[in-house]
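Participant: In terms of the working numbering, the sequence shown is numbered consecutively and its last residue is 281.
Don't be surprised by glycine CBs; every beta carbon is placed ideally from N, CA and C.
Take this structure first; my questions come after.
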Amino acid sequence: MASRFSISQSQLFLKKPHVIFTPKTPIFITPISKPTPSLNLFVLKSKKMVVAAAETAAAAAEEKSKKRYPGEGKGFVEEMRFVAMKLHTKDQAKEGEKEAQEKPLPKWEPTIDGYLKFLVDSKLVYDTLEKIVEKADFPEYAEFRNTGLERAECLAKDLGWLKEQGHSIPEPSSPGLNYSAYVEELSKKDPQAFICHFYNTYFAHSAGGRMIGKKVAEMVLNGKELEFYKWDGDLSQLLQNVRDKLNRVAENWTREEKNHCLEETEKSFKFSGEILRLILS
Ligand code: HEM
């Protein structure tokens, strides 16, 4: 039966000495704040009230942490996605928030030579990522072997086909060489930052990368769909499997490690952006 002497939460913090009788439940005496000679106030609280106050505080803390880390409630991948989407411009994706560059962007005029450079440099980066997870300097990398998202082999086929068509295949250029060297080094010492690049590279390609590929193919390859843009099996299921693995790996990270991973997103955009720009070179 509910006590006749019910009390609101705010009453716990009343300044005046306040006595609450709850005859059937044990009574605790708790100082409101550190007692001083001038203010020596005590509140008698029932055990139920202490529990209720603790629950309210826990709910408030949870609410606060949701606000601090958007997407957190749905798992760490949602946090990474949230940060990445904000780094897009509005033109790139509707969730984008980044201001478009003030200087006018180069005209969207892809060239076959530029596209070949892009494919060669992309292959170098995927080769590197896929070797890193094979080697697995950190045991969690092994989770990301054979996910079905791998792109290095597809790109090798595409470059083989393009060569057969009479195109000369360039050597990798600095955007790809720089990015590849960067992730290689990072993977040996900083798993959280490495995972950020892993996530962004594969997921960006499955989203915006596909849109770009389709447009470029229409303009410079007579609409030929390259292997780079085909996956064995259901892509959304493959992506979901990788999201689940990423979420599981990140469950073992501290908040600081998670934040460190999120902070790396900008670098991922910078390096990948340079490779994307090769299309227009
Ligand atoms: C011209 C450049 C780009 C365009 C046009 C573009 C466009 C898009 C679009 C349309 C989406 C899908 C949004 C949705 O789910 O509704 C997307 C998602 C995404 N993009 Fe980009 N993007 C670009 C560059 C990048 C770069 C450089 C990165 C990072 C390396 C990146 C990372 C991501 C990620 C992580 C997602 C989320 C994918 C997912 O939820 O599965 N994007 N992008």
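Return the CA-CA distance between Phe-76 and Arg-248, expressed in angstroms with no decimal places.
Facilitator: Along the sequence shown, read from residue 1 onward, the residue named residue 76 stands at position 76. Along the sequence shown, read from residue 1 onward, the residue named residue 248 stands at position 248. Distance between the alpha carbons of Phe-76 and Arg-248 is about 9 Å.
Participant: Tell me the DSSP bridge mates of Thr-89?
Facilitator: In the sequence shown, the residue the question calls residue 89 occupies position 89. In the DSSP output, where bridge partners are listed per residue, Thr-89 has Lys-98.
Participant: Taking 8 Å as the cut-off, is the CB of His-88 close to at least one heavy atom of ligand 1?
Facilitator: To locate residue 88, count along the sequence shown from 1; it is residue 88. Yes, since a heavy atom of ligand 1 falls inside the 8 Å radius drawn around the Cβ of His-88.
Participant: Mind checking whether Ile-169 and Val-242 have CB atoms under 9 Å apart?
Facilitator: Translated into positions along the sequence shown, residue 169 becomes position 169. Translated into positions along the sequence shown, residue 242 becomes position 242. For Ile-169 and Val-242, no; Cβs fall outside 9 Å.
Participant: Return the CA-CA distance between Met-211 and Asp-190, expressed in angstroms with no decimal places.
Facilitator: Within the sequence shown, numbered from 1, the residue matching residue 211 stands at position 211. Within the sequence shown, numbered from 1, the residue matching residue 190 stands at position 190. Cα to Cα, Met-211 sits roughly 31 Å from Asp-190.
Participant: When the distance is taken between beta carbons, is Leu-116 closer than 9 Å to Ser-180?
Facilitator: Reading the sequence shown from its first residue, position 180 is the one you call residue 180. Reading the sequence shown from its first residue, position 116 is the one you call residue 116. Contact: no.
Participant: Is the region 254-271 in contact with the region 155-170, if contact means three or more CB pairs nearer than 8 Å?
Facilitator: Contact fails: fewer than three Cβ-Cβ distances are below 8 Å.
Participant: Can you look up Ala-59 in the DSSP assignment and give me helix, strand or coil?
Facilitator: In the sequence shown, counting from the first residue as 1, residue 59 sits at position 59. Reduced to three states, the DSSP call for Ala-59 is helix.
Participant: Short of 8 Å in beta carbon distance, which residues of its chain neighbour Lys-86, apart from the five on each side in sequence? Order them along the chain.
Facilitator: For the purposes of this step, residue 86 is taken as the residue at position 86 of the sequence shown. Answer for Lys-86: Glu-95, Gly-96, Glu-97, Lys-98, listed in chain order.
Participant: Rounded C-beta distance between Ile-195 and Leu-246? I'm assuming under 8 Å.
Facilitator: On the sequence shown, residue 195 is found 195 positions in, with the first residue counted as 1. On the sequence shown, residue 246 is found 246 positions in, with the first residue counted as 1. About 7 Å separates the two Cβ atoms, so the contact holds.
Participant: Please state the DSSP three-state secondary structure of Gly-233.
Facilitator: Numbered from 1 along the sequence shown, position 233 holds the residue referred to as residue 233. Note: Gly-233 maps to coil in three-state DSSP.
Participant: Taking the alpha-carbon positions, what's the Gly-213 to Tyr-229 distance?
Facilitator: For the purposes of this step, residue 213 is identified with residue 213 of the sequence shown, where counting begins at 1. For the purposes of this step, residue 229 is identified with residue 229 of the sequence shown, where counting begins at 1. Roughly 7 Å between the two C-alpha positions.
Participant: Residues in the same chain with beta-carbon distance under 8 Å from Glu-150, minus the five sequence neighbours each way, listed in chain order, please.
Facilitator: For the purposes of this step, residue 150 is taken as the residue at position 150 of the sequence shown. Here the set comprises Tyr-126, Glu-130.
Participant: Report the CB separation of Leu-226 from Phe-118 in whole angstroms; it is logged as a contact under 8 Å.
Facilitator: The sequence position of residue 226 within the sequence shown is 226, counting from 1. The sequence position of residue 118 within the sequence shown is 118, counting from 1. That belief does not hold up - the Cβ atoms of Leu-226 and Phe-118 are roughly 11 Å apart, past 8 Å.
Participant: May I ask whether a heavy atom of ligand 1 can be found less than 8 Å away from the beta carbon of Gln-92?
Facilitator: On the sequence shown, residue 92 is found 92 positions in, with the first residue counted as 1. Yes, the Cβ of Gln-92 comes within 8 Å of a heavy atom of ligand 1.
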